[in-house]
Every structure is written in C-alpha cells, then in structure tokens.
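> Just so you know, the protein sequences line up as chains A and B, in that order. Taking my numbering, the leading residue of the first sequence gets 1, the next gets one more, and so forth. Taking my numbering, the leading residue of the second sequence gets 486, the next gets one more, and so forth. All residues carry an ideal CB built from backbone N, CA and C; glycine is no exception. Quick one: the structure is below, questions incoming.
Protein chains: 2
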Amino acid sequence: MRKIAAVIGGGVIGGAWAARFLLNGWDVRVHDPDPEAQRKITEVLGNARRSLPSLSDHVMPTEGTLSFHETIAAAVVDALYIQESVPERIDLKHLTFTAISEACSEDAVIGSSTSSFTPTELSSQQANKSRIMVCHPFNPVYLLPLVEVVGGTTASKNAVERCVSILTEIGMKPLKIKKEILGHIADRLLESVWREGLWLINDGICDTETLDDAIRFGFGLRWAQMGLFETYRIAGGEAGMLHFISQFGPTMKWPLSKLTDVPNLDDALVQKIADQSDAQSDTYSIRELERIRDTNLVGMMRALKAQNWGAGSVLANFDAGVKAAIGCPDMSGLVRTIARTVPLDWLDYNGHMNEARYLQAFGDATDRFMELIGCDADYIAKGGSYFTAETHIRHLDEARAGEVIKIDTQVVLGIGKKMHLFHLMKAEDERVLATAEHMLIHVSLETRKAVPPAPHIEAKLIEVAIAHEVLPVPEGMGRFVGQGR
Amino acid sequence: MRKIAAVIGGGVIGGAWAARFLLNGWDVRVHDPDPEAQRKITEVLGNARRSLPSLSDHVMPTEGTLSFHETIAAAVVDALYIQESVPERIDLKHLTFTAISEACSEDAVIGSSTSSFTPTELSSQQANKSRIMVCHPFNPVYLLPLVEVVGGTTASKNAVERCVSILTEIGMKPLKIKKEILGHIADRLLESVWREGLWLINDGICDTETLDDAIRFGFGLRWAQMGLFETYRIAGGEAGMLHFISQFGPTMKWPLSKLTDVPNLDDALVQKIADQSDAQSDTYSIRELERIRDTNLVGMMRALKAQNWGAGSVLANFDAGVKAAIGCPDMSGLVRTIARTVPLDWLDYNGHMNEARYLQAFGDATDRFMELIGCDADYIAKGGSYFTAETHIRHLDEARAGEVIKIDTQVVLGIGKKMHLFHLMKAEDERVLATAEHMLIHVSLETRKAVPPAPHIEAKLIEVAIAHEVLPVPEGMGRFVGQGR
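Shown next as structure tokens:
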C-alpha cells in the first residue's frame, strides 16, 4: 500500500515538507487555497530534487505522486501523516485542525510547523487531542534534519512515537522536547540572537554583513557539529564542567548583552548543568572531543573551500597566496606539480590515505600541469579543456594524515588532442608512494567532443614534451593490471 | 629576517595563537609565569600540528622556533606582533601592557585576546595607545578563522591595517568592528544564547543535550556558512528583506525569550537592515543564494557523515537502513555493488563528476564486495583487510550531479592473497560511464604486509570466482594506458 502524507498549507515550509516526503517515496496530497501554491511547491521541489539525493550514498526510492486538493478533507482522508503549515494565526489553526480532525483516519499523526503555539493551544478545540503535536522544522526543510517534536500534555505517547518513527524514516532528526513553551527550544535561542543583533545594528556597532561574518567565520562553524554546552565543555578542559560553569556566576551581571533578565546561576543550576553535560558527553575525554571537533571542522571547512564560500574562501585565498609565492616551476625536467599535506579527511578505515584521494592528488597534479601550459581558468571559461580518458595507478606505499606528499610530472606524449602524462608521488623522505599514468584528450566544453587545443597550448605542450624526451622512461609505464613485475 | 611573534599568556588561547604563528613559519616567543605553560602549549601545538596543515592544499612553511622567556621584555623585544592573552583582570592587563610597551619596538602591533575590555580600557595607562587593539579569536584558534579586530578611538588606522595584514597572512579572517563595546559582536550574540539557554535548563524545558541538538542539527549548520541576516534574506524570498523584516515588529513584544529588553523595530531600523542586507548580498538573487546554501549544506553534512557525527550521523543511520533493506545481492552473476546518486560535491570545473570521484565510487564498490565475502567491519577490526595495489580506469562517458550511477562487479581472479576485480559503471539508461580494474592484496593491518585471508573469506571469494568463470571477459580488461582500441 502506498504511504500517503498530507500537507496543509504549501508555502516555503509546506512545500519543503512535501518534497521530503515525495523524495522518500511517499505520495503527497496538498491543500492550499493560494492559487500560487502549485508554482511555489514546484520551485521548492526543484531545489530539493537538486540537493536532497546528494545526502545519501544509495539511490532514493522512486518519487511519490504529488496531488493538489480543493478541500482539507480530500487531502487528509487516507493520510498516515498530516503536516499543517498554515499562517501563524490561532483562529486559522483551529479551523484547520477541526477540518483535519473531521476527515482524517483515527490513527493519523497530525504535526504542526508552528513556532508560535503550543500543542495545548493548537488542540484546544478538538475532541481528540492525542494525535496533535508540534513538529517544528528548519529551513531548508528538505536538507536540515532537525524537527522539534512537542507533544505537551495533550498528545499521546503512542502518537509521538509513531511521529518520531515516520520522521526518522524520511531522514530527519526528531528531537522530543519535554515541556511545551512558546518558541520551543531553537527559536528561543534564535530570538535571543535576533534581539541582540537588532540592538547591535540599531546602535551602529556593526552592519548586517559584519554581524553575519562574526557568526559564520567563528562560532557558527562550531555549532554545525557541537552545540553550546559541549563546546564549552571542551573550553573548560580537564578541570571539568562544574568548575568551568561556576566561573560564570559574576558575568551574568555584566552588560554583555542588552537583554538583561538573567537566571540566577547558583550552585544548584551549576550542578544541574554539569550533571547533564556529563550524561551527554562523558563517553569521550576532553582530548577526544577536541580531536573530534577538529576533524569535523577540517572536513566542513574543506567542503566550504570547494565552494569558495565563507570560511572556505578564507582557506582558498590563503592557498592562492601560497601558490603565487611558489610561482612557475622549471619545466625542462620533471615538473613539480603538487606538494601538499595529506589532510585528516582523506583517511579511510584502513588508517591511510584512501585510494580515491591518490587520484584526487594526481588529478590536481594534472590540473596544475594544464594550468602551466596555458589551459587555465580563463581558457577553460572560454570553452576548452582536457578530459581524462584513461588512468593507471600503482599503489606502492601508504600515506598517513599529516604526511607531506609531492608529485612530479613527466610528459610521455603531447601532440594534437592527446596529452599522455606520468605522475610520480613521493613522500617527504623520497619513498615512492604511487605512480599514475593518464591519457587526456582535449575537448570542446560546448560539444563535449575531442578538438585540438588552442595553438599556444599545443606549442607549449610540445615544447615540454620535447624537453622530456631525454628523461628516462618511467618505471611502471605501460603496465596493465595484474602484469608480473 | 625571521618574523617574530610574542605570545604573553600561554593558556588554551595563547597556546593556540602560538601554534598558528609557528605553523605559518613565524618564530614565537612566549612569556607565562605559570610553570605549566610549556606543557599546556605543547598539548595545544600537538592538536594544531594534527589539524591545521589539513586546511591547505600546499605544504605549510617550515615550522618556526618556539621559545619561552622569563620576562615580558625578553619575549617582546624583537617582535613584529604581540598577542596578550593573560587572565581577564584589568589590573593585570594594565601591568602587562606597561611591560610590553616599555620593551617592544615602536611599530609592533599589540593585540589582546580579551572579550571583557575595550581598547580604550586596555590602553588607558599607556603613552602610546596607537598600537594597542583588541584581536579577539575563537577556540580552536588554530582552526577557526575569525578574529574580531577592534581599534576603537585609540588605535591608529595604520596599526590596525598592519594587524589585519599579519593576521590574514597566518590564514585568519580579521573582522574590523567599527565601534568598541563590551563583548564586541560575537560574544554578545553568544551571551544572549547562553543566558536564554540557562533559563531553558533552569526551568526544566530541556537538558543540555537536547539544547545542543536543537543547535547542531538545525540552525548551527546554517550558520557555518551564512549568518543570521543572510539566512533570513533567503527565508524572506522574492518579497525582499524590507517586507520580511517589517513583519517582525509585533513579535518583539512576544515572550519568545525570557530576555525582555528589546529594541524598537520601527521603520527606520527596518530600512537600515534592509539597506545593509542589500549591500551585503544583492550580488546574488534569492534563488542563487538558496542553491549556494544548499550546496554548502550538502558538502558540510557529507563531511560530517564521513566522521559519523552530528547531522552526519543522521545521514549515516538513514543509509544503514536503506542498505539493510537492500540486503545481499545474488553473487552468482555480476554483483550489483553500488547504486547511488552523484552528489553535488562530486562535480568539478568541467561540470561533471570529477575523475577522483569515479575512483571513490569504484572504491566503495570494492568495499561493498569485500563486505559481501565477509571482509566486513568486524573482520577489519580484528586486523585483516584488502589494500588496492593497482588500478586501471577507462572514462567512457560523463556523469552529472543528480544522475544515478550503478556499478556491477566481476571477479577476474580470487585466490590466496590476490583479488582481481573488474567494475562496470553505468548510468540509469545503461550507458556505460566507466570501467575499473583493480588488483587487491589481502594484508595484516598490524604488519601492513601481505598475508592470506581467513579461510571463510577465501572460500567465499573462490566460490564467487568459480561462478564468474562463465561470464564473458569484460571489454577493456588488461588494457594499458594509450593502447589502441
């Protein structure tokens, strides 16, 4: 039987809920009186189709069927899960829940995207309050896993568990909130930053860009992987959370924020926080947490570097400076195309550099060589490039995280559309780690077909190829897999 | 001439400053009366050596020389840059700045790691206030780029610019703050979250783990790449920032936070925010910002997935469920080892899946095949595994982001220590994208030498190899690079 979800209210949030369910193979039935709803949902769905499948290393299920319905009743009648995302007005919420309740099945779960109302308020006019709860997601809902699930005192434990199970099934992280409160957890934290941020803008301390930068180049990176308390646990070090937190009593009186109503950080609260922090994190020592944090930061910042964005653009600019300082190597002999450290995120379960990262380094060596003969970013932007057609790699020794690796490049053949390269990868102590042999073909990026390179590139390639003719034939060249030594 | 930085106060923060400078090739002179300082700095330096070089795609400069000095004067005398990180007591800061000022060179830059004092307060007792400024970093200082640079009304513009230039040179993102204020920018935002968080714990709404999860599975991920205002700009959509922000006037009166002193969100402030947001972000349309955000999130979440941490563990758990549902394929014919989508972060400048990602997919296919013959995580944990010795890849067609790719695996030879595999990668429409031929050798992870696999693995491998003997020899097997068709 097909699994059916109903989405009531189809704006940015409702549309993204629809996308999450659809891409996880559910049929989705939408009700929204807005004549623009269909267009809006289609746009959100386009974004979701582009990005959500990237999160999995498996094929997503066949996309479900999306349908639009004139009435709430028609949308919810067969739905296992119903998500309400109508505007944040309690009268509208009540009307919506009444219409849902009248038509939906007894054991449907009804979630609300609200940040402004509690489950008690939402369900106050319904006879059956047990299946109504807050399921508050975060934009973009099709990517961010968090959903705050608040059952309050009205939803049944059973319904909350069914809800958690369904949301987990569509790849989310349902976070059960013990007590109901306006704004739940995350929006209260966001609201505090928002209010303080408004003061900073209002008072001309900084502009919006500076404020954003103060987040994304610093604590925002930390919070993508550990929250407030686990981060402070590390900052507290071996002295422990109790000691660390207890220091902050006096600072609560400081005007560190314009928001001045503060809790009393007395011994009881300090002890409560320390106990909860122990329960949360004490499977890891502070040293382990530091290393986990650092490896996470390296991985995320390198991911941002690939997009040349935020903290990643700082890394990219730094590297551009290094590269400019290196300058162009001599190309009459072997060409030093790469000298780099093996980063933490290049390791695999065997404790060494993963085989794909060898090819990443060799591919970077090829890119660098291309650039040196004139096939640089400008040339590529004009529509010419080299594609690798064939590769042979010998893995001769292991490389570990933090080790320096160097690649020297030899031209075996360079004429017309063809460029045949041989890369030699060595460790800092000259140990040979690997070799790679590549046949590349020059292509038009428009037609994706082989075409000759621009004359200045072919001339430079031939010049290097002729210079390299006197070099010895590299050991391991022309091998096939499984050939004897 | 060697570049010299002086670090006054060598705790977690001072030690990390020392590490940043050292690993960027500067000599670092430390003064700290704490007898434990040397041990503490060595520990921080260990963490930094492990992780900081991972951020660059080039070799870091040769590490500078670290030395410890009995007096402030001896540490600062030849320093171009001096960073003060002593405890947050103004009397101590004043004594420290006096000692620094007496001994340092006229054009040295003096930065303070303080979050509690302004440049005016820090420099109040010094004749030369022009070279003293706040340079407030974020833990871990050796990785996070942000440093808030506050010159206030006392530091000279020239000194601030020299400071920015030096901090940029060591890979940081110096953020110039226009006006001095207690806590600068980031710590005021952090303090607001901290205070609200304390209320939530105090009132028993949630525990520390739930609060942390409410951050790191949701808005923390957003803030690693875009801050508060740019994120809200996207949420506002095409209607624009002015419209979006103006809606929030009434909510300022809501008890969405226990911190109740709020600015008046009047027309002037709304317009100010909208203007600043335009200046910050209007090189991109909302649609472009959405795609940038989504690609960043995919990349970062996949980086966390590789560590099985935070939002990445949600993805890993989701995939584990998918894999369990797939179950074990039939191995009597070609073995379907991979079926997946090409994720956004696997593309390169040629607009298609990067060659290294082909090998990543083929490597995953090998891993899956190993697992299917019993060389699984448990077996590997006991010390046996296969290493790839040799690889040959043919790139026959291009794969784009979002495309489904499938890999079928054939055993060419499987006996003793040797496993010779041939992978065929196809698109969803059966177009052949690439082939890969691998020779793997079974090793001991302890000795890193070739040894025979456990009998049950060899038996299973032989069983599959015998079954595969009747399959046709794969096209392209045994090729060397550059061989004619």
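How would you call B:Met-657, buried or exposed, if buried means at least 16 neighbouring beta carbons within 10 angstroms?
buried
> In three-state terms, what does DSSP make of A:Cys-163?
helix
> Can you list, in chain order, the residues of its chain with a C-beta nearer than 7 Å to that of B:Val-513? Leave out the 5 residues immediately preceding and following it.
Ala-490, Val-492, Ala-503, Phe-506, Leu-507, Gly-549, Leu-551
> Could you work out which residue in A:Gln-307, A:Val-147, A:Leu-175, A:Met-133 is closest to A:Ser-156 when comparing CA atoms only?
A:Met-133
> Any chance you could list the beta strand (DSSP E) runs of at least 3 consecutive residues sitting entirely within the stretch 88 to 158 of chain A, in chain order?
109 to 112, 132 to 137, 146 to 150
> Please report how far the alpha carbon of A:Met-370 lies from the alpha carbon of A:Met-353, in whole angstroms.
25 Å
> Report yes if the C-beta distance between A:Met-439 and B:Gly-967 is below 8 Å; otherwise report no.
yes
> Identify the contact partners of B:Trp-684 in chain A, using a Cβ-Cβ distance below 9 Å as the criterion.
Arg-188, Asp-261, Val-262, Pro-263
> In this structure, does DSSP put B:Gly-460 in helix, strand or coil?
Any question about residue 460 of chain B goes unanswered here, given that chain B covers just 486 to 970.
> If we define contact as Cβ-Cβ less than 8 Å, is B:Gln-765 a contact residue for chain A?
In terms of beta-carbon proximity, B:Gln-765 lines the interface with chain A, with at least one pair separated by less than 8 Å.
> Determine whether the Cβ of B:Gln-732 lies closer than 8 Å to any Cβ atom of chain A.
no
> If you measure between the beta carbons of A:Phe-422 and A:Met-477, is that distance less than 8 Å?
yes
> For a contact defined as C-beta to C-beta under 8 Å, what are the partners of B:Pro-813 on chain A?
It is worth fixing the name first, because residue 813 of chain B is Cys in this sequence and not Pro. Here the premise fails: no neighbours, minimum Cβ distance about 15 Å.
> Does any residue of chain A have a CB that is nearer than 8 Å to the CB of B:Leu-735?
Note that residue 735 of chain B is Pro in the sequence shown, not Leu. Against chain A, the CB of B:Pro-735 has no partner CB under 8 Å away; the residue lies outside that interface.
> A:Ala-306 touches chain B at which residues, Cβ-Cβ below 7 Å?
Gly-784, Asp-830
> Look at the alpha carbon of B:Val-747 and the alpha carbon of B:Asp-692, and state the distance between them as a whole number of angstroms.
27 Å
> Return the first residue and the last residue of the beta strand (DSSP E) that B:Pro-659 is part of.
658 to 661
> What runs of the alpha helix (DSSP H), each 4 residues or longer, lie entirely inside the stretch 500 to 543 of chain B?
522 to 536
> Going along chain A, which residues have a C-beta under 8 Å from B:Lys-757?
Ile-201, Asn-202, listed in chain order.
> Helix or strand or just coil, what does DSSP make of B:Ile-926?
strand
> Would you mind working out which of B:Leu-537, B:Thr-547, B:Thr-556 sits nearest B:Val-515, comparing C-alpha positions?
B:Thr-556
> By DSSP, does A:His-456 sit in helix, in strand, or in coil?
Note: A:His-456 maps to helix in three-state DSSP.
> Exposed or buried, what is A:Asp-213 when buried is set at 16 or more other beta-carbons lying within 10 Å of its beta-carbon?
buried
> List the endpoints of the continuous beta strand (DSSP E) containing A:Ala-311.
That residue, A:Ala-311, is in no beta strand (DSSP E); its alpha helix (DSSP H) goes 311 to 326.
> Quick check on A:Met-353: does DSSP put it in helix, strand or coil?
strand
> Take every Cβ of the stretch 275 to 289 of chain A, pair it with every Cβ of the stretch 760 to 775 of chain B, and state whether three or more of those distances are shorter than 8 Å.
no
> Counting only Cβ-Cβ distances shorter than 7 Å, please list the residues of the stretch 117 to 128 of chain A near chain B, keeping chain order.
none
> Within the continuous alpha helix (DSSP H) that includes B:Ala-791, where are the two ends?
771 to 791
> Count the CB pairs spanning the stretch 530 to 543 of chain B and the stretch 286 to 304 of chain A that are closer than 8 Å, and state whether there are at least three.
yes
> With a cut-off of 8 Å on the beta carbons, I'd call B:Tyr-717 and B:Phe-729 a contact; round off their distance for me.
At roughly 6 Å, the Cβ-Cβ gap stays under 8 Å, so B:Tyr-717 and B:Phe-729 are in contact.
> Give the range of the beta strand (DSSP E) segment to which B:Leu-875 is assigned.
For the record, residue 875 of chain B in the displayed sequence is Glu; it is not Leu. Start and end: 869 to 880.
> Under a Cβ-count criterion, where at least 16 other Cβ atoms within 10 Å of its own Cβ denotes burial, should A:Tyr-349 be classed as buried or exposed?
exposed
> State the Cα-Cα distance for the pair B:Lys-488 and A:Trp-223, rounded to the nearest angstrom.
34 Å
> Using a beta-carbon distance below 8 Å, is A:Thr-532 in contact with chain B?
The structure shown does not extend to residue 532 of chain A, since chain A is modelled only from 1 through 485, so no value can be given for it.
> Among A:Val-147, A:Glu-84, A:Gly-310, A:Arg-131, which has the Cα closest to the Cα of A:Pro-137?
A:Val-147
> What residues from chain A crowd round B:Leu-713, counting only those whose CB sits closer than 9 Å?
Leu-190, Val-193, Trp-194, Gly-197, Thr-208, Leu-211, Asp-212, Ile-215
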